[in-house]
Amino acid sequence: MSAKRVVTFTVNGDQVEILCEPRQSLLEVLRDDLDLTGTKEGCSNGNCGACTVIMDGRPVVSCLVLAVEAEGAELRTIEGVACGSTLDEVQAAFLEGAALQCGICTPGIIVQTEALLEENPNPTEDDVRFYLAGNLCRCTGYDKIVRAVQAAAEKRQVAASN
Amino acid sequence: MHAFDYQSPSTVAEAIELMAKHNGSARPLAGGTDLIDQMRVGRLAPDVLIDVKKLDELNVLSADAAGLHVGAAVPCYRIYGDETVNSQYTALADSCHIIGGIQIQSRASIGGNLCNSGPAADSTPSMIALGGVCVIAGPSGSREIAVESFCTGPGKNVLEPGELLVEVRFPARPANSGSHYRRMIPRNEMDIAVVGVGASVTLDDSGQNFVSARIGLGAIAATPLFAEAAGESLAGQPVNDESLEKAAAAAREIASPITDMRGTREYRIHVTGVLVKRVLQAAIVRARGEQIDYCRGH
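Same order as they appear, the protein sequences are chains H and R.
If you count the first sequence from 1, position 124 lands on 153 in the working numbering, and the numbers rise without skipping.
If you count the second sequence from 1, position 211 lands on 223 in the working numbering, and the numbers rise without skipping.
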């Protein structure tokens, strides 16, 4: 009754075609079929944000998306953030600001930050905290994350004005 | 997760046919933020998911002479990104801003929030306050029902097998109107309402007297409630503390909350009164065309 079906979408610019069951989440398919294990599984109920990816320009938790729903979608994952071996401003700011400890929430937080800065290039502390409210971190206490996001935003602003 | 089939119909008629064919064992899928979680934990086990979020009728977000049409599958971020909603149906934008986090708002819809029929749903009190009407399509045609009559119990509503919520329609806003939604939670964001209140007021031209008011309450009964008497008590009254206190008392009177980990019955009843006054005050400020001092989520 639940025959496998072919689903086609793009991930970080690459066209992919996979065979999946309707019950498979996008998270499962990204990690297990496409080997894109940078996206993490945390709670699997939409609370923690570790599995955040950008789908058609919007951040979503990939544990609450069925892979079959991604038919025709454009996806961006943590693997698509760096340019080759060069980290982007957000990744660099997280490293410089020591905005991570165990690191499991970090890919989701960086992807969510990319979505934030796309929408709001110059966020206030309150904007950052509100936008990242769906990403839980049990290590850092968030302050360093918020500062790293603002540092990345500033770096991009400076780069854009030069 | 259990095995199920997935269908993606291209018309409402086709969706209803599929829903009817599976006679209660199919569930419509919009943003999936409640449904997929409920399936993963085994609370729901439909044989078929019918993806309705790409249907044109469920994606409408437009205003005309009849008012505002919000398709049942329109995600929260589109609702609070809409100019008409922000300027005239502000309570709805307030609700959509605090349903889950940003990732949830990318997918979750007010149609899903309503059909999930949780007593603490954040958008339902706003829809009640704004006079929302549910447009339901089914095998035997369409019908309409007021939002306040839609939910019948926790997780239960008036939809019959084969029926689909297509849109919620809101009447055009009279001059000098304003609305607001606010909830009490012990955190700043990402929480379930201890109490939620949506209110809409219309003032006279002087801005000093109520013409009419509607108030919706969440998390204080088995379903979201329309505090009709509280709203009616304001009609024709001057805008002052005494009128607000009367409305708050009338709202407290219909609150029949449970005691749970989020708050006791007594606490929730008290907070209902406090929030009704605060939300009315904010709606009054907006009705006068002024900005309220409100930081979403705080």
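Heads up, the beta-carbon is just placed ideally off N, CA and C, and yes, glycines get one too.
Model, not experiment: these values are computed from the prediction.
Asked, Found
"Residue 143 (chain H) classed as buried or exposed, judged by whether at least 16 other C-beta atoms fall within 10 angstroms", "buried"
"Coarse secondary structure for residue 136 (chain R), derived from DSSP in three states", "helix"
"Validate contact between the segment 113-123 of chain R and the segment 87-106 of chain H using beta carbons, cut 8 Å, 3 pairs", "yes"
"Residue 56 (chain R) - DSSP class collapsed to helix/strand/coil", "coil"
"Backbone CA spacing between residue 117 (chain H) and residue 123 (chain H) [nearest angstrom]", "10 Å"
"Exposed unless 16 or more other CB atoms sit within 10 angstroms - verdict on residue 192 (chain R)", "buried"
"Residues near residue 130 (chain R) by beta carbon distance below 6 Å, same chain, minus five either side", "none"
"Short CB-CB distance (under 8 Å) between residue 52 (chain R) and chain H", "yes"
"Contacting residues, own chain, Cβ-Cβ under 7 Å from residue 105 (chain R) (five flanking each side not counted)", "91, 92, 97 and 98"
"Rounded straight-line distance, which links the Cα of residue 146 (chain R) to that of residue 135 (chain R)", "13 Å"
"Test: residue 273 (chain R) CB closer than 8 Å to a CB of chain H", "no"
"Which of helix, strand or coil DSSP assigns to residue 202 (chain R)", "coil"
"Proximal residues to residue 284 (chain R) (C-beta, below 6 Å), its chain only, five neighbours per side dropped", "207, 232, 263, 264 and 267"
"Enclosing beta strand (DSSP E) for residue 43 (chain H) [first to last residue]", "43-49"
"Cβ pair count under 8 Å reaching 3, the segment 35-44 of chain R against the segment 166-186 of chain H", "no"
"Residue closest to residue 224 (chain R), alpha-carbon to alpha-carbon, out of R:203, R:169, R:248 and R:110", "R:248"
"Cβ of residue 94 (chain H) within 8 Å of any chain R Cβ", "yes"
"As assigned by DSSP and simplified to three states, the class of residue 31 (chain R)", "helix"
"Member of R:53, R:211, R:14 and R:190 whose CA lies at the smallest distance from the CA of residue 139 (chain R)", "R:211"
"Under 8 Å between C-beta atoms of residue 164 (chain H) and residue 186 (chain H)", "no"
"Sequence-distant residues of the same chain with beta carbon closer than 8 Å to residue 71 (chain R), five excluded per side", "65, 83, 85 and 86"
"Short CB-CB distance (under 8 Å) between residue 201 (chain R) and chain H", "yes"
"8 Å Cβ cutoff, residue 151 (chain H) in contact with chain R", "no"
"First and last residue of the uninterrupted beta strand (DSSP E) at residue 227 (chain R)", "222-230"
"Collapsed DSSP secondary structure at residue 216 (chain R) in the structure displayed", "coil"
"Inter-stretch contact (C-beta, 8 Å, three-pair minimum) for the segment 125-143 of chain H and the segment 38-45 of chain H", "no"
"C-beta neighbour in chain H for residue 14 (chain R), strict 8 Å", "yes"
"Inter-residue Cα distance where the pair is residue 161 (chain R) and residue 189 (chain R)", "24 Å"
"Among H:181, H:52, H:98 and H:35, nearest to residue 139 (chain H) - alpha-carbon criterion", "H:181"
"Minimum Cβ-Cβ distance from residue 107 (chain R) to chain H less than 8 Å", "no"
"Interface residues of the segment 158-175 of chain H facing chain R [CB-CB below 7 Å]", "159, 160, 162 and 163"
"Interfacial residues, the segment 40-73 of chain H to chain R, with Cβ spacing under 9 Å", "50, 51, 52, 53, 54 and 73"
"Residue 157 (chain R) - partner residues in DSSP beta bridges", "R:146"
"Per-residue DSSP class, three states only, for residue 14 (chain R)", "coil"
"Assigned exposure category for residue 198 (chain R) - 16 Cβ within 10 Å defines buried", "exposed"
"Extent of the continuous beta strand (DSSP E) run through residue 64 (chain R)", "Careful: residue 64 (chain R) lies outside any beta strand (DSSP E) and carries neither H nor E."
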